Amino acid sequence: MKKIKTQDLKKLNIFLSGKCNLRCKHCFLGNSIYRRSSLSLKQVENVLRFFRKRDYSSVEFSGGEPTLSPILFQSISLARALKYEEIGISTNGTNPAVINQLDPKQVTRFTFSLDGATEKTNDFIRGQGHFTTCVKSIKKSVKSGFTTHVIFTANKINFHEFEKAARELDHIGVDRLSVNYTSFTGNAKKHPELILSPQEWLEINEKAKKIKGLKHIALRYPIRFSKEKARKQDILRKYPCLLQHPNRVYVFSNGAIYYCCLLTDEQNLNSGFVTEKGVVMKHSGNERSLLKTMPRALCPAQELSNRKVGPPSLPDGIKPICIYHRIVVFQGKSHPSN
Ligand code: SF4
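My numbering puts the first residue of the sequence shown at 1315, with every later residue one more than the last.
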């Protein structure tokens, strides 16, 4: 069993380009400015150097579709030269050939996006032909010895297939299946019918904890909502906003830098920018001042989004929780993780 890396490595997510060969119904980039921009190799180098000096040691290259980026391989070489401990590629799996061009000494992990256990369900969200090619890429990644993760973004169409997907991917030899909640951002705003109710999400949490007989795969999912009868401040103490102690950074293809991926609709809430000249951070590493500019809420991003699009109906007693508080279930035992 490949060792599942502890989650306490400080992680850099670099969105090389917004360019993609798919237009998934829930894509959080939507038709935003990120879709039309790409980072230069110099910007990637600047951001890798800047955050390596600040003890970030895990980097994930994503997009859009990173395997379409002409600077992917050079970016991987730069990260290796700067001694990043973990180097990952988040891909939609439509380019299996890239897996043959890399080996586990260069890249630690491939993470694939697959949103169904059947062709019909997955391709309704991601487009015709995606399921077959992506499963082929997943099998190739496992066979080639890469740590292999899959992200399943749950919605009203596919959430009943989550257990079947977990069993099939376990059988293939995938190391971790992350089940994510479709957030009300990007294209999902055009498909509100896809968004799961908090109750449906909490059902998935319960199901994930109870799945038996998985031999190899770990399941990971964000808690996302809480039914706990507790005061707001107690919930906040138990599930603090990650901006209080950021340990991950998102660098978007237009150069904007965020400490939470749910803030990307709010341009003014970025924490800095990377240009060809270097990295400029607004709050010089102290994000608490950013927090001061945001609503005092269990999830400031959720609160801001509610102000814009109107609050989704949260039933009484159900509270939104920071997306970074997750649970990992491995061989029937569940562990908190972020
Ligand atoms: S998801 Fe909400 S609570 Fe978590 S870091 Fe982002 S703004 Fe903070």
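From the three backbone atoms N, C-alpha and C, an ideal C-beta is built for every residue, glycine too.
It should be emphasised that the depicted structure is a prediction, and the values quoted were computed from it without experimental measurement.
Short check: CB of residue i to CB of residue j, under 8 angstroms?
i     : j     : result
L1604 : L1550 : no
L1416 : S1567 : no
E1379 : C1334 : yes
G1344 : G1500 : yes
G1402 : T1381 : no
I1641 : R1538 : no
L1528 : D1489 : no
K1325 : R1562 : yes
L1330 : I1385 : yes
Q1388 : G1569 : no
I1413 : F1424 : yes
L1491 : V1464 : yes
Note the first and the last residue of the continuous alpha helix (DSSP H) segment covering residue i.
i     : result
A1570 : Where A1570 is concerned, there is no enclosing alpha helix (DSSP H), although the beta strand (DSSP E) it sits in stretches over A1570 to Y1572.
I1413 : A1411 to N1414
K1647 : Where K1647 is concerned, there is no enclosing alpha helix (DSSP H), although the beta strand (DSSP E) it sits in stretches over K1647 to S1651.
Can you check DSSP and say which residues form a bridge with residue i?
i     : result
R1423 : G1402 and T1461
P1560 : None; P1560 has no bridge partner.
P1634 : F1539
F1644 : A1532 and K1647
G1586 : I1571 and M1595
Any chance the CB of residue i is under 7 angstroms from a heavy atom of the ligand SF4?
i     : result
L1628 : no
L1583 : no
L1604 : no
A1615 : yes
I1549 : no
I1637 : yes
L1516 : no
L1576 : yes
Just curious, the beta strand (DSSP E) that residue i is in, first and last residue?
i     : result
A1532 : A1532 to P1536
S1372 : Y1370 to G1377
F1566 : Per DSSP, F1566 belongs to no beta strand (DSSP E) and is neither H nor E.
(request) Go through the stretch 1318-1355 residue by residue and report every complete run of the beta strand (DSSP E) that reaches 3 residues or more, in order. (result) Qualifying beta strand (DSSP E) stretches, in chain order: 1324-1331.
(request) Go through the stretch 1464-1550 residue by residue and report every complete run of the beta strand (DSSP E) that reaches 3 residues or more, in order. (result) Fully enclosed beta strand (DSSP E) runs of 3 or longer: 1490-1495 and 1532-1536.
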